[in-house]
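Have a look at the structure below, then the notes.
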Amino acid sequence: MMKATKAWVEAQFPLIRHHASLVYLDSAATTQKPDQVINRISKYNRQEHANIHRGVYDLSQKATTAYDQVRQQVKYLISARRDEEIIFTKGTTESLNLIAYSYGMPMLSEGDEVVLSIAEHHSNILPWQQLVKNKKAVLKYLPVDIEGRIMESAIDTVITEKTKIVSVTMVSNAFGTLQPIASIIKRAHEVGAVVVLDGAQSVPHKKVDVKALDADFLVFSSHKMFGPTGVGALYGKYELLEKMMPYQTGGDMIEYVEEQTSTFAPIPQCFEAGTPNIEGIIGFGEAIRFIEQIGYDFIYKEEMRLTKYAYDQLSHLSHIQIYGPLNIEDRGPVISFNVEDVHPHDITTILDQDHIAIRAGHHCAQLLMKRIGLPSTCRVSFAIYNTTEDIDQLIESLKKVRKWLGYES
Ligand code: PMP
Numbered sequence: 001m002m003k004a005t006k007a008w009v010e011a012q013f014p015l016i017r018h019h020a021s022l023v024y025l026d027s028a029a030t031t032q033k034p035d036q037v038i039n040r041i042s043k044y045n046r047q048e049h050a051n052i053h054r055g056v057y058d059l060s061q062k063a064t065t066a067y068d069q070v071r072q073q074v075k076y077l078i079s080a081r082r083d084e085e086i087i088f089t090k091g092t093t094e095s096l097n098l099i100a101y102s103y104g105m106p107m108l109s110e111g112d113e114v115v116l117s118i119a120e121h122h123s124n125i126l127p128w129q130q131l132v133k134n135k136k137a138v139l140k141y142l143p144v145d146i147e148g149r150i151m152e153s154a155i156d157t158v159i160t161e162k163t164k165i166v167s168v169t170m171v172s173n174a175f176g177t178l179q180p181i182a183s184i185i186k187r188a189h190e191v192g193a194v195v196v197l198d199g200a201q202s203v204p205h206k207k208v209d210v211k212a213l214d215a216d217f218l219v220f221s222s223h224k225m226f227g228p229t230g231v232g233a234l235y236g237k238y239e240l241l242e243k244m245m246p247y248q249t250g251g252d253m254i255e256y257v258e259e260q261t262s263t264f265a266p267i268p269q270c271f272e273a274g275t276p277n278i279e280g281i282i283g284f285g286e287a288i289r290f291i292e293q294i295g296y297d298f299i300y301k302e303e304m305r306l307t308k309y310a311y312d313q314l315s316h317l318s319h320i321q322i323y324g325p326l327n328i329e330d331r332g333p334v335i336s337f338n339v340e341d342v343h344p345h346d347i348t349t350i351l352d353q354d355h356i357a358i359r360a361g362h363h364c365a366q367l368l369m370k371r372i373g374l375p376s377t378c379r380v381s382f383a384i385y386n387t388t389e390d391i392d393q394l395i396e397s398l399k400k401v402r403k404w405l406g407y408e409s
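Read in the UniProt record's numbering, the sequence shown has 287 at position 287, and its numbers run on one by one without any break.
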């Protein structure tokens, strides 16, 4: 088993090698890529590129096989039942739009309810707003507590017999809060609703088993798990995919085209119109291989060790307010905080001068921010390539912030 030492990190991640002084603490936004992924994409482009599903010639067939193998990898990663349950998309955002449109349009009627939570990323809010407007349905929200956790006491009252779809994130991207997914799924299934899980901040860090969870849909992005941007996955139970209408129409998703009507290709092709991001999907497959080589157990332990270390160090600073769960086990590798009197954007600018990259803002979670009464926060987030030295540098830099701005001498 490898160890996430600085030498190992530098050997694996060329961007970190290239920027010797960079402390990258924004992996919840996007992760850096290991050589293994970059080299695989390059090899595909240099030696293997052809369009898929079309040519009968060898090169095209090999590209098709490589593409379809990634579907199998995703299936195994999340323990889905069949390859056809995996649909490739541009990412979590497109996956959510696809479900809202393709499942929501045929399945929702006037007065039906869609339930989200106040802790959602905007990409798990807007597609549902569009849908309910279209169908004269009703959008409801599960409330959250001060740590950003969905209140279990509200689950039974907010999710009702009228609820047809519940769509919630497994982990808040803004505060790192783990959500009570099992209770939500149980209640949703009691009333006959389907559950969409936003796994953008979960699948990169921990094994997600869709069978064990009995999840109806799961969505996630490659670029938050060491893979390329512009690629993501949508898992859906086969019997639900069968009820869905196509999202986009065009080439690659048809069986026969007549002048007035056409028939569609089988699942999953009917949801993947047009030439897909083949090189991106091949790179996604390599990113999954990278995760499997390291192992989720090691990733989780290492990221939790870093998160605990960072939490402890941050809480020793004066004039700091940390948000989200007090209990580290109730978090993903994300910590949101503010420094008294200082705007988060000023903090990131000062930290940037020390080559420390962190995020500031509402983190595309304005409803959650409003609930907690905050316009914005600073957010640090960790991945396997971070070290405790990175966190020590963050702390040293943060200690300067209030002094530089004249609040302390
Ligand atoms: N949901 C969550 C919880 C996220 O963290 C993100 C990315 N910040 C998204 C959805 C959107 O992902 P993408 O931009 O890759 O489509």
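All C-beta atoms in this analysis are idealised placements derived from N, C-alpha and C, irrespective of residue type, glycine included.
Requested in this report: Mark W404 as exposed unless 16 or more other C-beta atoms lie within 10 angstroms of its C-beta, in which case mark it buried.
Outcome: For the purposes of this step, residue 404 is taken as residue 404 along the sequence shown, with counting starting at 1. With fewer than 16 Cβ atoms within 10 Å of its Cβ, W404 is classed as exposed.
**Report entry** Counterpart residues of Q321 in DSSP-defined beta bridges
**Finding:** Along the sequence shown, read from residue 1 onward, the residue named residue 321 stands at position 321. Partner(s): N338.
Query raised in the report: Is there contact between the region 302–318 and the region 81–95, where contact requires at least three CB pairs shorter than 8 Å?
Result: no
Query raised in the report: Just the Cα atoms here: how many angstroms apart are A154 and L142?
Result: Numbered from 1 along the sequence shown, position 154 holds the residue referred to as residue 154. Numbered from 1 along the sequence shown, position 142 holds the residue referred to as residue 142. Their Cα atoms are separated by approximately 7 Å.
Query raised in the report: Which residues share a DSSP beta bridge with C378?
Result: What you label residue 378 is simply residue 378 of the sequence shown in a count that begins at 1. Note: C378 sits in a beta bridge opposite F337 and A360.
Query raised in the report: Is H362 near the ligand PMP, judged by its Cβ being under 6 Å from some heavy atom?
Result: Here residue 362 refers to the residue found at position 362 when the sequence shown is read from its first residue. No; taking the cut-off as 6 Å, the Cβ of H362 has no heavy atom of the ligand PMP nearer than that.
Query raised in the report: L77 lies in the alpha helix (DSSP H); which residues open and close that run?
Result: Here residue 77 refers to the residue found at position 77 of the sequence shown. Where L77 is concerned, the enclosing alpha helix (DSSP H) starts and stops at D58 to I78.
Query raised in the report: Can the beta-carbon of Y238 be found closer than 7 Å to that of L218?
Result: Taking the first residue of the sequence shown as position 1, residue 238 is located at position 238. Taking the first residue of the sequence shown as position 1, residue 218 is located at position 218. Result no, Cβ atoms of Y238 and L218 do not sit closer than 7 Å.
Query raised in the report: Cβ of S109 within 7 Å of Cβ of M244?
Result: Here the question's residue 109 lines up with position 109 in the sequence shown. Here the question's residue 244 lines up with position 244 in the sequence shown. Their beta carbons are not under 7 Å apart, which means S109 does not touch M244 by this criterion.
Query raised in the report: How should Q321 be labelled, buried or exposed, when 16 other C-beta atoms within 10 angstroms of its C-beta is the threshold for buried?
Result: Within the sequence shown, the letter at position 321 stands for residue 321. Answer is exposed; the Cβ neighbour count stays below 16.
Report task. Could you give the DSSP three-state label for Y385: helix, strand or coil? Result -> Residue 385 sits at position 385 when you count from the first residue of the sequence shown. Residue state for Y385 is assigned as coil, using DSSP reduced to three classes.
Requested in this report: Determine the burial state of K206: buried for a count of at least 16 other Cβ atoms within 10 Å of its Cβ, exposed for fewer.
Outcome: The count along the sequence shown starts at 1 and reaches residue 206 at position 206. Buried: at least 16 other Cβ atoms inside 10 Å.
**Report entry** DSSP three-state assignment for R289, whether helix, strand or coil
**Finding:** Within the sequence shown, residue 289 is the residue found at index 289, counting from 1. Of the three classes helix, strand and coil, the one that applies to R289 here is helix, per DSSP.
Query raised in the report: For the region 365–374 against the region 112–120, are there 3 or more C-beta pairs whose distance is under 8 Å?
Result: Contact between the region 365–374 and the region 112–120 is present: three or more C-beta pairs spanning the two stretches fall below 8 Å.
Query raised in the report: Nearest to S60 by alpha carbon, out of A310, V74, N45 and P246?
Result: Within the sequence shown, numbered from 1, the residue matching residue 60 stands at position 60. Considering only A310, V74, N45 and P246, the residue with the shortest C-alpha distance to S60 is N45.
Query raised in the report: What first and last residue would you give for the alpha helix (DSSP H) that runs through A188?
Result: One-based indexing of the sequence shown puts residue 188 at position 188. Per DSSP, A188 belongs to the alpha helix (DSSP H) from I181 to E190.
Query - V208 - DSSP class collapsed to helix/strand/coil - result: Looking up residue 208 in the sequence shown gives position 208. Residue state, collapsed to three classes: coil.
Query raised in the report: Where do the ends of the beta strand (DSSP E) carrying A154 lie?
Result: Here residue 154 refers to the residue found at position 154 of the sequence shown. Judged by DSSP secondary structure, A154 falls outside any beta strand (DSSP E) and instead within the alpha helix (DSSP H) spanning E152 to V158.
Query raised in the report: Given that a residue counts as buried once 16 or more other Cβ atoms are within 10 Å of its Cβ, and exposed if not, what is K171?
Result: As a position in the sequence shown, residue 171 is number 171, starting the count at 1. Lys is not the amino acid found at residue 171; the sequence shown has Val there. Buried is the call here.
Query - As assigned by DSSP and simplified to three states, the class of E255 - result: Indexing the sequence shown from 1 puts residue 255 at position 255. DSSP places E255 in strand when its eight states are reduced to three.
**Report entry** Coarse secondary structure for G104, derived from DSSP in three states
**Finding:** Translated into the one-based positions of the sequence shown, residue 104 becomes position 104. In the structure shown, G104 sits in a helix (DSSP, three-state: H, G or I).
Query raised in the report: How about F220 and A193: do their beta carbons lie closer than 7 Å?
Result: Locating residue 220 in the sequence shown gives position 220, where the first residue counts as 1. Locating residue 193 in the sequence shown gives position 193, where the first residue counts as 1. In this structure, A193 does not lie closer than 7 Å to F220 by Cβ.
Query - Bridge-paired residues (DSSP) for F264 - result: Looking up residue 264 in the sequence shown gives position 264. Looking at the DSSP output, F264 bridges to I254.
Query raised in the report: From I294 to T388, what does the alpha carbon distance come to, in whole angstroms?
Result: As a first step, residue 294 must be located in the sequence shown, where it is residue number 294. As a first step, residue 388 must be located in the sequence shown, where it is residue number 388. I294 and T388: Cα-Cα distance of roughly 19 Å.
Query raised in the report: For F13, which three-state DSSP category applies?
Result: Against the sequence shown, residue 13 aligns to sequence position 13. Three-state DSSP puts F13 in coil, outside helix and strand.
Requested in this report: With DSSP collapsed to three states, give me the class of A119.
Outcome: Here residue 119 refers to the residue found at position 119 when the sequence shown is read from its first residue. Residue state, collapsed to three classes: coil.
Report task. Indicate the three-state DSSP secondary structure (helix, strand or coil) for Y300 in the structure shown. Result -> Taking the first residue of the sequence shown as 1, we reach residue 300 at position 300. Helix.
**Report entry** Close-in-space but distant-in-sequence residues of the same chain around L213 (CB under 8 Å, 5 per side omitted)
**Finding:** The residue labelled residue 213 in the question sits at position 213 within the sequence shown. Closer than 8 Å at Cβ, skipping near neighbours: I181, A182, I185 and L197.
Query raised in the report: What do you reckon, is the C-beta of G280 under 6 Å from a heavy atom of the ligand PMP?
Result: By 1-based counting over the sequence shown, the position of residue 280 is 280. G280 Cβ: outside cutoff for every heavy atom of the ligand PMP.
Query raised in the report: Closest to Y76 by CA distance: which of L374, Q353 and V208 is it?
Result: Stepping through the sequence shown from its first residue, residue 76 is reached at position 76. Comparing Cα-Cα distances from Y76 to each of L374, Q353 and V208, the minimum goes to V208.
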